[in-house]
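A short write-up of the structure that comes next.
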Amino acid sequence: MDKLSILYITPSVAIPSFHGSSTHVLELSRNLVKLGCNVIVLARRLPAQSPSEVIEGIKVFRIWRGMFKAVSTDSLQVTSDFTRKYLKPLEGLYFNTVYAAFVSSLAFYLTNKYKVNVILERGDSYCTGAFVSLVSGIPLITEIRDVYQPKISLIVAKKLLVYDASILKDKKFLSKTAIMHGGVDVEKFKPMGKQDAKAALGLLNKFVIGYSGSFAPSHKLDIMITLAERLQKVYDSKVHFLIVGPANPQLLKTVRSLNLEHHFSFVGSIFHDELPKYLNAMDVGLALYNPNMIAGPPYKVYEYMACGVPAITTETIYSRKFVKNGLNGFLVRMNNIEDILNKIILLIENPNLLNEISVKARETALKFSWKEETSRILNLLKSVYASSACASHDRSTSKPNHGSRKPKVFGSR
Numbered sequence: 351m352d353k354l355s356i357l358y359i360t361p362s363v364a365i366p367s368f369h370g371s372s373t374h375v376l377e378l379s380r381n382l383v384k385l386g387c388n389v390i391v392l393a394r395r396l397p398a399q400s401p402s403e404v405i406e407g408i409k410v411f412r413i414w415r416g417m418f419k420a421v422s423t424d425s426l427q428v429t430s431d432f433t434r435k436y437l438k439p440l441e442g443l444y445f446n447t448v449y450a451a452f453v454s455s456l457a458f459y460l461t462n463k464y465k466v467n468v469i470l471e472r473g474d475s476y477c478t479g480a481f482v483s484l485v486s487g488i489p490l491i492t493e494i495r496d497v498y499q500p501k502i503s504l505i506v507a508k509k510l511l512v513y514d515a516s517i518l519k520d521k522k523f524l525s526k527t528a529i530m531h532g533g534v535d536v537e538k539f540k541p542m543g544k545q546d547a548k549a550a551l552g553l554l555n556k557f558v559i560g561y562s563g564s565f566a567p568s569h570k571l572d573i574m575i576t577l578a579e580r581l582q583k584v585y586d587s588k589v590h591f592l593i594v595g596p597a598n599p600q601l602l603k604t605v606r607s608l609n610l611e612h613h614f615s616f617v618g619s620i621f622h623d624e625l626p627k628y629l630n631a632m633d634v635g636l637a638l639y640n641p642n643m644i645a646g647p648p649y650k651v652y653e654y655m656a657c658g659v660p661a662i663t664t665e666t667i668y669s670r671k672f673v674k675n676g677l678n679g680f681l682v683r684m685n686n687i688e689d690i691l692n693k694i695i696l697l698i699e700n701p702n703l704l705n706e707i708s709v710k711a712r713e714t715a716l717k718f719s720w721k722e723e724t725s726r727i728l729n730l731l732k733s734v735y736a737s738s739a740c741a742s743h744d745r746s747t748s749k750p751n752h753g754s755r756k757p758k759v760f761g762s763r
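Using the working numbering, you'd call the opening residue of the sequence shown number 351 and step up by one each time.
Right under this line is the structure:
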């Protein structure tokens, strides 16, 4: 059986990293490789990362966002409104011209080198997948996750992968949509014994409120400070916050200034394979978002639930699809602190309810495994390639035959 060769263009996402977008790209690619595909990923390069490497069979090529290194308005920490007014347009012009041309040229090179059959691009890839598809004739599938919905990609793509069809602004492309859900590795993320996990971290007899992920402002981590202040007045040292993710100096400074350091453990950055042992030490996992900035399913919620950890997460069009309030987790609106606090107290005071929700959370996660999700997406990729190959074959046979190749059909001998 021939291997389907897939180029995954995602220059705004670094892999590996702590962001949910990185989890999506890496897990989907890893599982496509397990299913026999040849996967090439064109990703963002971060400092200390090599320009290319092979990760579990995935051929990863990395590209700086700047001319020679990572540069953006945020990385420059521009705070002046005047500077932003003039720098932002220049930044946008750079990414949509010079940078897009650079990414497209490398992507085109990779399609030739690895005999790519299908191109998969993220919607925020500056139309690079669409450009390469137009030039090469290789069929394109575009992931539409948020407000980035470039018209050329919508037109060129054979299929649009979306988490929810309602996010598509131009409804005339609805017929192209296919729903994706994201997923979780349910064999890696699973219940492993909560007391042992707590003991390993010195948190026995604590009610552990956890968080894993990046410290982006949209995750509203400042809310945890308020929660800690309120909860320690009632439960003293019984409640503890376990934070897994890159160091955040400002959060650490605030915790110390309020004398709350004994209520927090900051783990820092870890390898993704180590994450389950920390999640298993948590009694509840927080996943708060700015509903207006959410871009796809909250992968940390999938990971919490797979480990049997009830999640308290912001209600969004994505989270309400799989979190059923009070049954397998909790939804909160607009990150209302009183609502979050009441739900935490409910779980502290009702251990039987905590156990029931934990079991239901795991059962739900099993329905969203990466294995099942990847199988569905692979079938779509094969279908798009087969349709494109047949169309190309039909066009070639309508002309005088000059030795055109018979199109491959993947999955047959």
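Glycine is no exception: its CB is placed at the ideal position from the N, C-alpha and C atoms.
Rounded to whole angstroms, residue 575 and residue 464 show a C-alpha spacing of 50 Å.
For residue 650, the uninterrupted alpha helix (DSSP H) run begins and ends at 649–656, by DSSP.
Within the DSSP bridge table, the entry for residue 664 names 682 as partners.
9 Å or more divides the Cβ of residue 559 from the Cβ of residue 676.
Counting only runs of 4 or more residues that sit fully inside the region 535–581, the alpha helix (DSSP H) segments are 544–550, in chain order. For the region 471–539, the full-length beta strand (DSSP E) segments reaching 3 residues or more read 490–494, 509–512, 527–529 along the chain. Ranked by how close their Cα comes to the Cα of residue 360, the residues 712, 392, 720, 551 have 392 in first place.
Between residue 563 and residue 637, the gap from beta carbon to beta carbon is short of 9 Å.
Scanning its chain for C-beta atoms nearer than 6 Å, with the 5 sequence neighbours on each side dropped, one finds around residue 388 the residues 353, 355, in chain order. DSSP places residue 394 in the strand class (E or B) of the three-state scheme. As computed with DSSP, residue 618 is found in a beta bridge with 594.
At the C-beta level, residue 547 and residue 650 stay beyond 9 Å of one another. Counting only residues of its own chain and dropping the five nearest sequence neighbours on each side, residue 541 has a CB closer than 7 Å to the CB of 630, 657, 658, 712. Fewer than three pairs of CB atoms, one per stretch, sit closer than 8 Å, so the region 504–515 makes no contact with the region 593–602.
Taking 9 Å as the cut-off, the Cβ atoms of residue 580 and residue 731 do not count as close. Inter-residue distance for residue 550 and residue 612 is about 17 Å (C-alpha atoms, whole angstroms). In the structure shown, residue 388 falls within a strand segment according to DSSP collapsed to helix, strand and coil.
Between residue 451 and residue 482, the C-beta spacing is not below 9 Å.
Separation of residue 517 and residue 496 (C-alpha to C-alpha, rounded to the nearest whole angstrom) is 7 Å.
For residue 636, there is no enclosing alpha helix (DSSP H); the enclosing beta strand (DSSP E) has its first and last residue at 634–637. For the 9 Å CB-CB criterion, residue 468 and residue 490 form a contact. In this structure, residue 380 places its C-beta atom within 9 Å of the C-beta atom of residue 720. Shown here, residue 400 sits in coil according to DSSP, grouped into three states, outside any helix or strand. Within the same chain, and ignoring the five residues on either side of residue 647 in sequence, the residues whose Cβ sits closer than 7 Å to its Cβ are 513, 531, 532, 668. Residue 736 and residue 488 have their alpha carbons spaced roughly 11 Å apart.
Around residue 538, the same chain offers 623, 626 as residues with beta carbons nearer than 8 Å, after the five sequence neighbours per side are excluded.
Residue 544 has its alpha-carbon roughly 21 Å from the corresponding atom of residue 586. Look at the region 668–718 and you find these whole runs of alpha helix (DSSP H), each 4 residues long or longer: 687–699, 701–715. Residue environment analysis places residue 441 among the buried positions, since at least 16 neighbouring C-beta atoms fall within 10 angstroms of its C-beta. Residue range 355–364 is occupied by the beta strand (DSSP E) that includes residue 357, with no alpha helix (DSSP H) assigned at that position.
Taking C-beta atoms as the reference points, residue 652 and residue 632 fail to come closer than 9 Å. Beta-bridge pairing by DSSP links residue 413 to 394. The beta-bridge partner set that DSSP reports for residue 408 consists of 405. Between residue 449 and residue 476, the gap from beta carbon to beta carbon is short of 9 Å.
DSSP, reduced to helix, strand and coil, places residue 468 within a strand of the structure shown.
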